[in-house]
Amino acid sequence: IMELKNQGAAMIISTHMIDSVKEFWDVAHIMMNGKIAATRVKEDAEKSNEGLEELFFHITEGKGDQ
Numbered sequence: 019i020m021e022l023k024n025q026g027a028a029m030i031i032s033t034h035m036i037d038s039v040k041e042f043w044d045v046a047h048i049m050m051n052g053k054i055a056a057t058r059v060k061e062d063a064e065k066s067n068e069g070l071e072e073l074f075f076h077i078t079e080g081k082g083d084q
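Using the working numbering, count along the sequence shown one by one with no gaps and you end on 84.
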């Protein structure tokens, strides 16, 4: 996956295993009930010190998107 990313390939990966994408994600869409509940760009998340796990739990625990 990293080789393809380094070559500039676009990928869509659907997973419940957040640890498996932490190293290479650029944009994350968090889905809930079959719909996109939140979208984050990695650069914005890093600026606010928000990791994928924090975003996921924030959204899925019903606190909504910010």
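Note that CB positions come from ideal geometry on N, CA and C, so glycine has one too.
- For alanine 27, there is no enclosing alpha helix (DSSP H), since its DSSP letter is neither H nor E.
- Selection Gly80, Phe75, Gly69 evaluated against glutamate 41 yields Gly69 as nearest (Cα-Cα).
- Exclusion of the five residues before and after isoleucine 54 leaves His47 as the residues of its chain whose Cβ lies within less than 6 Å of its Cβ.
- Between methionine 49 and glutamate 61, the alpha-carbon positions lie close to 20 Å from each other.
- An exposed status is given to leucine 22, since fewer than 16 other beta-carbon atoms sit within 10 Å of its beta-carbon.
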